[in-house]
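In our numbering, the protein residues as written are 19 to 273.
Just so it is clear, CB atoms sit at the ideal spot from N, CA and C, and this is done for glycine as well.
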Ligand SMILES: [Mn+2]
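Next up, the structure:
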């Protein structure tokens, strides 16, 4: 399969963007802590060289490794996900895809969070988000809102939270299962890809600290369209950053 690298939205041909493949991080099955430490290690090296990390997964828990590596930069994290991932624990695990954002906020690896596209969460998560000041916009609210209004909400959050930059985490289950069936936990009533990209195009600036695209599970999707959409997501967000960084687009400063 092949997708075009030329993005109409950003005007960037991703083929002209300098991308280096760092290779795979060896995960340790059954040991999320060690896996996260390894991810943090690799991402730290990338950040120290002044590069912008792009992570692809797999388990959403890897995001914690990236956020730990970026901790000193005080990242605001835009969590684009059908779920909140704010559980205290899930199936006896304190560290996993259902609790990863809560761990990041509790330990201070993420300074503040804005969840976009949520629609599958428990009452406890909703309550924890409320008392912890996590911004939440559900998929239904996205559908009933405009690109301008949504991006303004996110920009206001970025200014108010006093972060050193933006980290974007895209859980592929945020998209409607008709676009991305190959995910671990498909959730109906999801978002349309173009809407997600249009909002991101308004808020991604050269303050982007990094991003990830996770929860792609190819065995659940023989058609392969989930992987194609994930690749497209990288091309779009990467192009947004590149445009802001090199084309002098009036960037939206958060620091
Ligand atoms: Mn998730």
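Report the CB separation of residue i from residue j in whole angstroms; it is logged as a contact under 8 angstroms.
i	j	result
residue 92	residue 129	5 angstroms
residue 168	residue 217	5 angstroms
residue 227	residue 183	4 angstroms
residue 72	residue 54	No, residue 72 and residue 54 are not in contact; Cβ-Cβ is about 17 angstroms, not under 8 angstroms.
residue 35	residue 256	6 angstroms
residue 207	residue 241	Incorrect: roughly 21 angstroms between the Cβ atoms, too far for contact.
residue 200	residue 244	3 angstroms
residue 187	residue 229	7 angstroms
residue 189	residue 98	7 angstroms
residue 16	residue 145	Because the chain in this structure spans residues 19 to 273, residue 16 falls outside the shown range and cannot be described.
Taking C-alpha atoms, which residue in the options lies nearest to residue i?
i	options	result
residue 191	58, 75 and 53	75
residue 258	20, 27 and 19	27
residue 254	134, 171, 68 and 214	214
residue 39	70, 24, 22 and 48	70
residue 20	99, 61 and 248	248
residue 210	160, 59, 34 and 65	160
residue 100	119, 135, 78 and 72	135
residue 84	46, 199 and 58	58
residue 37	78, 64 and 103	64
residue 50	89, 243 and 115	115
residue 185	44, 119 and 67	119
residue 221	152, 60 and 171	171
residue 137	195, 88, 113 and 173	195
residue 108	89, 98, 90 and 140	140
residue 52	265, 29, 239 and 113	113
residue 147	105, 239, 260 and 238	105
residue 7	89, 48, 82 and 133	This structure cannot settle anything about residue 7, because the visible part of the chain is limited to 19 through 273.
residue 238	198, 223 and 133	198
residue 131	41, 154, 125 and 149	154
Say yes only if the C-beta of residue i is nearer than 7 angstroms to one or more non-hydrogen atoms of ligand 1, and no if none qualify.
i	result
residue 233	yes
residue 189	yes
residue 230	no
residue 103	yes
residue 14	What is shown of the chain runs 19 to 273, which leaves residue 14 out entirely.
residue 47	no
residue 142	no
residue 99	yes
Using DSSP bridges, identify the partner residues of residue i.
i	result
residue 189	232
residue 72	229
residue 156	136
residue 183	93
residue 65	Looking at the DSSP assignment, residue 65 forms no beta bridge with any residue, so it has no partner.
residue 101	138
residue 111	108
residue 130	94
residue 201	234
residue 24	31
For the alpha helix (DSSP H) that residue i lies in, which residues bound it at each end?
i	result
residue 247	243-264
residue 30	First-last for residue 30: undefined, no H or E at that position.
residue 211	211-221
residue 81	80-88
residue 141	141-150
residue 122	118-125
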